[in-house]
């Protein structure tokens, strides 16, 4: 019997080591499979560029509509489309002449610019908002979302909020 005891311990030890080795192999296979799935889910650079263009077009159209409505409600503002190296979007602006008796005339400039920045490999859609009311910067914001997690309604709501914020800031200083 003394011989069988060490053998059963050795056999139990070997059995555990075999099971341990197989468990480690299964874990590695699971990790590799998960990595392949993640890589398949990640979009290529060209697919991200296409998504950026699609989302940029939708958001830019909304920006244009919001800014034109704002310029309709605030006389004197002129709408301009923005398409340059900084991005795509729109701008409303106006120049006012402030006259005070016995003082020099003062030019007061107001504008709101909302732009979607060009595509970058980081895979985000980024919007920059700059607002000036009577020569004072009142807004300077950046908002972004990952292209793979883009929430159209939430992003359009951000456009609305920034335009409404500017309208309130502008009318409060009249």
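Residue numbers (our numbering): 379 to 552.
In this text, a Cβ means the ideal position worked out from N, Cα and C, and glycines have one as well.
Nearest to residue i by alpha carbon, out of the options?
{"i": "residue 498", "options": "395, 393, 423, 402", "result": "423"}
{"i": "residue 467", "options": "452, 442, 501", "result": "442"}
{"i": "residue 488", "options": "482, 481, 494, 474", "result": "474"}
{"i": "residue 440", "options": "398, 402, 532, 486", "result": "532"}
{"i": "residue 450", "options": "534, 545, 550", "result": "545"}
Mind checking residue i: buried by the 16 CB within 10 Å criterion, or exposed?
{"i": "residue 408", "result": "exposed"}
{"i": "residue 478", "result": "exposed"}
{"i": "residue 505", "result": "buried"}
{"i": "residue 454", "result": "exposed"}
{"i": "residue 398", "result": "exposed"}
Could you check whether residue j and residue i sit closer than 8 Å to each other, using their CB atoms as the reference points?
{"i": "residue 509", "j": "residue 490", "result": "yes"}
{"i": "residue 471", "j": "residue 447", "result": "no"}
{"i": "residue 543", "j": "residue 517", "result": "yes"}
{"i": "residue 511", "j": "residue 547", "result": "yes"}
{"i": "residue 436", "j": "residue 540", "result": "no"}
{"i": "residue 428", "j": "residue 465", "result": "no"}
Could you give the residue range of the beta strand (DSSP E) that holds residue i?
{"i": "residue 514", "result": "514 to 524"}
{"i": "residue 529", "result": "Per DSSP, residue 529 belongs to no beta strand (DSSP E) and is neither H nor E."}
{"i": "residue 459", "result": "456 to 462"}
In this structure, does DSSP put residue i in helix, strand or coil?
{"i": "residue 481", "result": "coil"}
{"i": "residue 510", "result": "strand"}
{"i": "residue 491", "result": "strand"}
{"i": "residue 503", "result": "strand"}
{"i": "residue 398", "result": "helix"}
{"i": "residue 413", "result": "helix"}
{"i": "residue 468", "result": "strand"}
{"i": "residue 385", "result": "Since pLDDT at residue 385 reaches only 45, below the 50 mark, its modelled position is unreliable, and the value read off the structure follows with that caveat. Of the three classes helix, strand and coil, the one that applies to residue 385 here is helix, per DSSP."}
Check for me: the alpha helix (DSSP H) holding residue i runs from which residue to which?
{"i": "residue 429", "result": "423 to 451"}
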